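Okay, structure first, notes after.
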Amino acid sequence: MSILHASRSLIYRNPFGAVPTDSEVELFFDCYSDAKEVTLCYAYGLYKMTYHEEPMKVSPADVDSQTTRYTAHLEIPHERGLLFYWFSFVLDEESKKLHPEIDSLHFGKYYYVAFPDDSLCEGYVYYEPPRVGADENKYPYAWQITVYDKDFVTPDSMKGAVIYQIFPDRFCRGTSYDYEKISSDSSKPERIFHKNWYEDVDIEGKPSTGYIACDFFGGSLQGILEKLDYLESLNVNIIYLNPIFEARSSHRYDTSDYLNVDPILGGNDVFIKLLDEAKKRNISIIIDGVFSHTGADSRYFDKYGRYDGVGAFESFVENVESPYRSWYSFKKDEDGRILYDSWWGFPELPNVNENDLSYRRFIFGKNGVVETWINNGVGGIRLDVSDELPDGFIRQMRDTLKRKSNNEAMLVGEVWEDASNKCSYGSYRDFLLGKTHDSVMGYTFRTVVIDFLLRSIDAEVLDARLEGFRERYPMQAYYCIMNLISSHDVPRAMTVLSGQEDDRDRAMQQLMKVSKLKYARTTKLMRIALAFQIGYIGATSLYYGDEVLMEGYKDPFNRRTYPWGQLSQKQNEELYFSRQLLKLRQDNPVLRTGYYRTLVAEGDFLVFERYCDELGKDYFGNTIDKGARKIVLLINRCENSSMHVMFSDDKAIVQEVAFSSDQEESYIRRVDSLDARNSSIDVVPCSFSFIMIFGG
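The sequence shown begins at 4 in the numbering used here and counts up one residue at a time.
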């Protein structure tokens, strides 16, 4: 006797995962044979949901004498959106007595709904239907089918790429750096210039301002240009630059001029030279686009009167004309004080009205911001705070970006949550349905991987959560997701994986380092994390310095300078290791675009494989013409025991074995017979380690 629907099994839902518009889905539901009125219930839409019910038909497939299989055929409409579904059935009073497992529920209609997280793709019986509206408390839950535009295609260059993120002021100065010139040329008195590249970041600011992130080390685009050989040695395909346009602060999220690269970084000419030189090495450059707000100290707002022309602030105060006045929202309070809408209440970041037509023309029009930088060779844009931009703005961004780049440029969104069903401003968002982003930043990936390595979750939960994302994301987007473990907005992975909490004040955080006792252990966890980034679906996104185990809590300590010329022996060893591991992605395209399958997810042990099909083709139907045809990654999180894995008949069996102190760590193993049937291989990754097996 059973009642069951499992959304990730082709027995119950075909095809797997997100589907294109104008397609079809078959759903199956096992239910009590004495149930009546078995119905598929679903809601479809995006900004507004439409509800439907459809009686299910009995399937000819037998389950058992007490269970009947029901089926329903869904024709997916032409409009992209989200489809939420669940099942209902009726038991009469006599039938109810036969099923004591639901005796506590009400009589009448029952609902089979999804579990509230990804721990199971199955469901349970409940007496209320799911809540699926964007503004509702999501309990109980429904299963989700993401419906994306059938013409949705993402750039092949981003699928499975190696991305290197650089915070420009802190990466490298370059040989042309002149401290006296750069510090004397600045017209902004609140700035602090560090003479010593190796001193720590400022946390106090000047007495007149306090801390406002205006300390500069002099990292430049020339410095990045001079390190292209270094980036090439890491097998980098894409450089993602944090903001480079003229701004007051060192983080430059307070844009002053969208059409001019900050002179401290080298200006437009050096940037164009960097684009050209990177292109010669087949490296694309993505820039950070900050379009939800500008700086108060900008030629558009000009609160401090530092720019020629009339800014929006002066326009409101003096009641004079300004081309930027309509971009911002002003008012006066009852005491006559000037108020304006700003990003999260920060007065230095006035919000813009993204629906203002003149602002749209400035960003998307002829000779506008997007056209200018795409024409100069920029390979794409990462949208800052995507969930705070209107969907219409992001759609126009995509249209302009793709049109001006012949569909080659990439559009990546900063989204921290599940981007397939993200809600903000009262509705679901059009984030991964083919008309806005190509993909998003992989903060969800970071969360589950770090939780696993810190033992907050086991391998079963890790796998279930990742499978949940794989089920909901269109594969065109999922293969491009920026799978990161560190970034400019979160503590560095080396610090997090050491187990240190970040609840101390800034003065204490500045002093904290990974202890010698924890250093070796944390290094092993960093290696596992990098292996996971390289082995799993998506783009491997490396934050500058992670390859040499840089440490730091959140901003500003995660934005320290790269220690050129001062690497320890351990850091040099890790750099060599990172290069070898990252090279595997370039030498083995199956790691970039191959199929994925979990083989084992038990406790501390995870085993999965990337593979091509029988014809040697990847997930997208392209022939894999070099490297391995199948790669298996075995991860052992356990601290005091090894894992013994036997492969046979394309299956894997894991057994925990005692740890031997003289056991040799090995990370890569090549096995030509891995693809053969009826072959058996014994593999023993030691504690806190992994092995990649290459076959075929």
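The beta-carbon is built from N, C-alpha and C at its ideal position, and this holds for glycine as well.
Here the structure is a predicted model, which means the values were calculated and not measured.
From residue i to residue j, what distance separates their C-alpha atoms?
i	j	result
L552	P494	13 Å
S287	L414	13 Å
R473	Q168	24 Å
I484	Y539	11 Å
S692	N354	47 Å
D260	Q583	40 Å
Y50	M161	29 Å
D505	E470	30 Å
N561	I247	18 Å
T53	M478	26 Å
P393	L386	12 Å
S531	G698	It is Ile, not Ser, that sits at residue 531 in the sequence shown. Looking at the two C-alpha atoms, the distance is approximately 21 Å.
L500	P63	52 Å
S26	L85	14 Å
V660	A467	Since pLDDT at V660 reaches only 48, below the 50 mark, its modelled position is unreliable, and no value is offered.
S187	P210	20 Å
T74	V28	11 Å
D181	R284	28 Å
F535	E82	36 Å
T403	T526	43 Å
Got a sec, what are the start and stop residues for the alpha helix (DSSP H) residue i sits in?
i	result
G538	K519 to G538
D188	Y182 to D188
G226	L224 to E229
F367	L360 to F367
V372	V372 to N378
P272	Correcting the residue identity first, residue 272 is Asp in this sequence and not Pro. Counting along the chain, the alpha helix (DSSP H) containing D272 begins and ends at G270 to K283.
A250	Here A250 belongs to no alpha helix (DSSP H); instead the beta strand (DSSP E) covers F248 to A250.
R595	V593 to T596
Tell me whether residue i sits in a helix, a strand or coil according to DSSP, three-state version.
i	result
R83	coil
Y50	coil
I242	strand
V320	helix
L578	helix
E207	coil
M695	strand
R134	coil
N639	strand
W567	coil
P119	coil
G298	coil
F396	helix
A496	helix
F349	coil
V551	helix
E612	strand
N561	helix
W330	helix
T626	strand
Y233	helix
I215	coil
Kindly indicate the opening and closing residues of the beta strand (DSSP E) around residue i.
i	result
T71	T70 to E78
I166	V165 to I169
L342	I341 to Y343
Q147	W146 to Y151
L30	E27 to Y35
A510	Element bounds for A510: not the beta strand (DSSP E) but the alpha helix (DSSP H), R509 to L514.
L545	A542 to Y546
V264	T258 to V264
Y129	G126 to Y129
R385	G383 to L386
D67	K60 to D67
I6	It is not in any beta strand (DSSP E) - I6 carries neither H nor E in the DSSP assignment.
S704	With the chain covering 4 to 699 only, the question about residue 704 has no answer from this structure.
Using a beta-carbon distance below 9 Å, is residue i in contact with chain D?
i	result
K283	The question asks about chain D, but that chain is absent: this structure has only one protein chain.
Subject >> At least three beta-carbon pairs within less than 8 Å, the region 219–228 to the region 329–337 >> reply: no
Original post:
Curious, which full-length beta strand (DSSP E) runs of at least 3 residues does the region 408–494 contain?
Top reply: 413–416, 442–445 and 485–487
Original post:
Touching or not, the region 320–327 and the region 417–431, by the rule of three or more beta carbon pairs under 8 Å?
Top reply: no
Original post:
When the Cβ atoms of the region 14–29 are set against those of the region 143–158, are three or more pairs found closer than 8 Å?
Top reply: yes
Original post:
Touch check for the region 268–286 and the region 302–319: three-plus C-beta pairs under 8 Å?
Top reply: no
Original post:
For the 8 Å Cβ check, are there 3 or more pairs between the region 211–222 and the region 249–258?
Top reply: yes
Original post:
Quick check: the region 281–296 against the region 372–386, are there 3 or more CB pairs under 8 Å?
Top reply: The region 281–296, when compared against the region 372–386, does touch it at the 8 Å Cβ threshold.
Subject >> Contact between the region 589–600 and the region 625–635 (3+ Cβ pairs under 8 Å) >> reply: yes
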